[in-house]
Amino acid sequence: MSVAALLVTHDGARWLPAVLAGLTGQTLPVDRVVAVDTTSRDTSVELVRDGLSGLGDRLVVDVVPGSTSFPAAVRHALSLLPPTGGPEEWIWLLHDDSNPDPGALAALLAAADEHPDVAVLGPKLREWPSLRRLLEVGLTITGTGHRETGLERGEYDQGQHDAVREVLAVNTAGMLVRREVLESLGGLDEELPIFGNDIDFGWRAAQAGHRTLVVPQAVVFHAEAAHRGVRRTPLTGRHTHYQERRAALFTSLANTSARSLPWQYVRLFCGSLLRVLGFLAVRSVGEALDELAAVLSVHGRPRQVLAARRDRAARRDGEPADVRHLLAPPWLPYRHGLDLVTDLAAAATSQAADVAERRREAREPDAVRTSEQRRTSGEDDEEAYLTDSGLVARFFTNPVAVVLVLFGVLALLAGREAFGSITGGALSPVPAAASDWWALHVASWHPLGTGTDVPAPAYVLPFAIAGTILLGHTGAVVSGLMLLAVPFAAWGAWRLLAVVGRLVDPLGLPRWLVVWGALTYALVPVTSGAWSEGRFGTVAVAALLPWAARAALGFVDPDRDRRWRAAWRTALLLALGAAFVPGLWLFALLATAVVLGSAAFIAPRLLRDRDSWGPPVAAVAATPVLLAPWLLPLLTTGSGAGLLLEAGRLTVDRVTFGGLLTGRLNDLGAPTWLGAVLVVLALAALLPRRTRVPVVICWLVALAAALVSGVVSHVALDLPAVSTRPSLGLFVVILQGTSVVAVVLGADAYLRRLDEHHPVWQRTLAGVLALVAAAVPLGGLGWWLTTPENAMTRDAAQTVPAYMEQSSLLGQEHGVLVLDGSVDDGITYRIRRDDGTTLGEDEILTLADEDTALTDEVRTLVSAPTPGVVASLGARGIEYVVLSSPADGRVSALLDATAGLDQASAEDRSTRAWRVDRPLDASAVQGSGPWWRPVLLVLQGLAILAALVLAAPTIRPRRGGVEDD
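In our numbering, the protein residues as written are 6 to 970.
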């Protein structure tokens, strides 16, 4: 048995001393060495000659042009290596950045003796210089052309993959191959100059009937210099991803079966285009262009692929062997896609935590190791590995995790009324399908009442998207919002308080203090009465507010790119919250002006840098663009009062000064003493000097919210149908949220200085305050679990007979005029069309201008009806008139005697109904809105996509399988 080592070098002086030492230090030495250098600019050739000088005439060193590919260099090395004529001649391929363990060759040859039918053997590759992390233990390829190692990212070698097994391919760094097999297959394919030739060769060998084994007992440490971009060559240039992706596409198409070729050709082309969009979505423009260039290079030259397939067929004897068992399973690409989505979500939600950590590092550079240092040392990966392996055990031994999960379960139990279809309070019935929400969102004219061009509320778009994701189950959208808002708010408050704690205190906040704050805040929409009244706008804003505040913390990140990403994340969350409660954007606009104005006075130099003031300004300026199809028509139609209202039906705020202070919107809220306790604790938080500054900032924000709410509470909104006050739910949430943050910060300062040396009375007082504080979330949750009072009901009251409802579904001209009240108390009216007023249509009808002509006609109808008024009803597309219970006898008597009105049946005896016996005009409520609103819809779609791309983490592949943000 003869073994010849083939070493290819190019600017490898930084690794060659160790590589040559590993080669000469083998326990079973090689017989000959051929080194081919591709015109290195460093001392690679001299190092090889000096390091292997002891081999004498068994060493051959040659220099070829720098443009020579790795397959061509291997072929040239074989030409310099005369055959020995022995029965078994092996070729050991090595890179100049692959350092073999002393026993690597011996282990490979031992496996060759044990498996005499094997043609190719490969070692286990570990990362160099860390020497611990696994890189490869055999290779295969997925249906999407992804190079698959079967390893987890950052996986450490603990002997878990040490079984000798058959694989599709092994890396050329350390590959041991029979010379006759290497030559019979034509060597490595020169169409793959630097990447992918190992998988291609293994695939060709398997189809020719040869076996490939990975031998984990043989270890080679590989620096992967070209793959990681550490070394640039004429073959890779600065476009490593292009070369890798082109190699993957070419390998897949050149070796796949003839039956699968058409499908694989289309699949790889379409998949590559999706990958281009994916790279653009994470702002990796370079990778996107490389991906596009690679797919055009391969798919644009089909003759090259066909020539490669003919060459492979000519070198085989008969039909190719079945290699499907060596390829990656078909479901693997989808798991990789899920991993990418998870990575993006983790990177996006870790933005604010990174801010705190980076600022902490800036304050204590010697005490805190950077995340890059931790990655280099492998601590992060090892910690993640240990965490994943004992996740369940760690959960049940972590009381904080158990408490949070238990809270989520109890919150779902307490909100059981929200399961199923819910209406009542501010909630109208949901439409039949998500398509109704889409139609409402894109329409410029709405056939509601007598027709109006008032825009649909902004929250209809997220509802439509959610309904589509839930396969049209619109009821699940509203139920999901009401059920999950409290747990989602708790999660957001937990993450926000944890970050704020690290910004204020390098040691962070005690976990139980963060738990208290998260649970107390999460219950705000419940204890305020917003949840029980079905005020889903306030509930949604309460859930989103901590996430928006957490995103805004990115404005103080030292890194410029992260600050701008925080701006777009804040803009998206701000726009989503303003879609439910528009006042959120107005308050954010005011807060931004105050903060920047204060900065201009305190630190004017700060505002000279656009990257300092630009992100917050961009966040509040982008919000109206994201809401443009709703905001601009709202103002142009004279419906600007909608900016001071919240989502859903109009409700009456019964907020007094005490209610505002204790966080109570109405009589459906929790006992007032729970809110009073929080106020007292927030006042006590001003006492500790250590956190007085951030606590005062919380109080200033609360004071601003209180002043604004005090002003707007005296504003009267004269809507077409009713006069009302602006909604104050947002300000209650802000006041309660700032109080929670103030209490948490003050308690942290107090607990830090309290120890066993303090008097007993102080420690006793601390215990009493802790019990009182604990009563706030416990009392609120207990009250929610036991209180039966709720404005939401499962079945909406039926206002018109069922046959009229069915008739109204036939078209817009089959409307129902519903009259309420009496002559003495006054008559009100509304027109029911289609399936009635559903969620999203309330605000349109509330803000729509009154049709004075119809009002006059209704007045005439109930006082002195004439045939002309009845004919006018038909012309307006009204088929039925219903006088709701209890029907006024004087009005019903007049309508009974009116020509053109035929009495109709009503399910309730105290309700009277008539059918309009006059022609119905199908175009009665048709109209057209502003011509430019479709343009705003397109602008909104592009703005949302742009904001999502700009807000997403910038993913740059780390050469080595892990991704960097």
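C-beta atoms are modelled at their ideal positions from N, C-alpha and C, and glycine is treated no differently.
Nearest to VAL805 by alpha-carbon distance, out of VAL447, LEU774, SER889, is SER889.
Beta-bridge analysis with DSSP links ALA909 to ALA918. Membership of SER257 in the alpha helix (DSSP H) is indicated by the continuous run 245 to 260. Annotation for ALA876: ARG923 place their beta carbon closer than 6 Å to its own, counting only its chain and skipping 5 residues before and after.
Contact between the stretch 320 to 331 and the stretch 211 to 221 is present: 3 or more CB-CB pairs across the two stretches fall below 8 Å. Inclusion of THR543 and ALA535 in the CB contact set at 7 Å is warranted, their separation being smaller than that value. The alpha-carbon of SER603 is positioned some 56 Å away from that of ASP16. Spanning the alpha carbons of GLY820 and ALA523 requires a straight line of approximately 49 Å. DSSP places HIS446 inside the alpha helix (DSSP H), whose first and last residues are 439 to 447.
Burial of LEU631 is indicated by the presence of at least 16 other C-beta atoms within 10 angstroms of its C-beta. Annotation for TYR808: the continuous alpha helix (DSSP H) segment containing it runs 807 to 813.
Restricting attention to GLY894, TRP919, LEU57, LEU83, the CA atom closest to the CA of GLY905 is found in TRP919. LEU190 has its alpha-carbon roughly 7 Å from the corresponding atom of ALA210.
In its chain, beyond the 5 residues on either side, THR871, VAL874 have a beta carbon closer than 8 Å to the beta carbon of THR865. Nearest neighbour of THR89 by Cα position, chosen from ALA115, ARG37, GLU132, turns out to be ARG37.
Counting of Cβ neighbours within 10 angstroms places GLU249 among the buried residues, the total reaching 16 or more. Closest in alpha carbon position to ASN403, among ARG695, ARG272, TRP517, is TRP517. As the crow flies, the alpha-carbon of LEU486 is around 32 Å from that of LEU776. SER732 carries a coil assignment under DSSP once its states are collapsed to helix, strand and coil. Residue range 7 to 14 is occupied by the beta strand (DSSP E) that includes LEU11. Residue state for VAL175 is assigned as coil, using DSSP reduced to three classes. Going by DSSP, ASN104 is part of the beta strand (DSSP E) stretching over 103 to 105.
The Cβ atoms of VAL225 and SER103 lie closer than 7 Å to each other.
Between the stretch 683 to 695 and the stretch 739 to 749 there are three or more C-beta pairs closer than 8 Å, enough to call the two in contact.
Here GLY785 really is in contact with THR532; their C-beta atoms are around 5 Å apart, less than 8 Å. About 19 Å separates the beta carbon of GLY539 from that of GLY647, a gap too long to meet the 8 Å contact definition. With respect to PRO107, ASP167 sits apart: the two C-beta atoms are not nearer than 7 Å. Counted as a single uninterrupted DSSP element, the stretch harbouring SER433 is not any beta strand (DSSP E), since DSSP gives it neither H nor E. Here LEU173 really is in contact with ILE204; their C-beta atoms are around 7 Å apart, less than 8 Å. The beta carbon of LEU549 sits closer than 7 Å to the beta carbons of LEU578, LEU581, GLY582 from its chain, once the five residues preceding and following it are set aside; these are given in chain order.
For the pair of segments examined, the stretch 841 to 853 was found not to touch the stretch 890 to 905: the number of CB pairs separated by less than 8 Å stays below three. Of the other Cβ atoms in all chains shown, 16 or more fall within 10 Å of the Cβ of ALA490; this residue is therefore buried.
Rounded to the nearest angstrom, the Cβ distance from GLU195 to ALA77 is 6 Å, consistent with a contact under 8 Å. Counting C-beta atoms within 10 angstroms of its own C-beta, SER74 has 16 or more neighbours from the protein chains shown and is therefore classed as buried.
Relative to GLY91, the option among ARG184, SER868, SER728 whose CA is nearest is ARG184. In the three-state scheme derived from DSSP, where H, G and I count as helix and E and B as strand, LEU453 is classed as coil.
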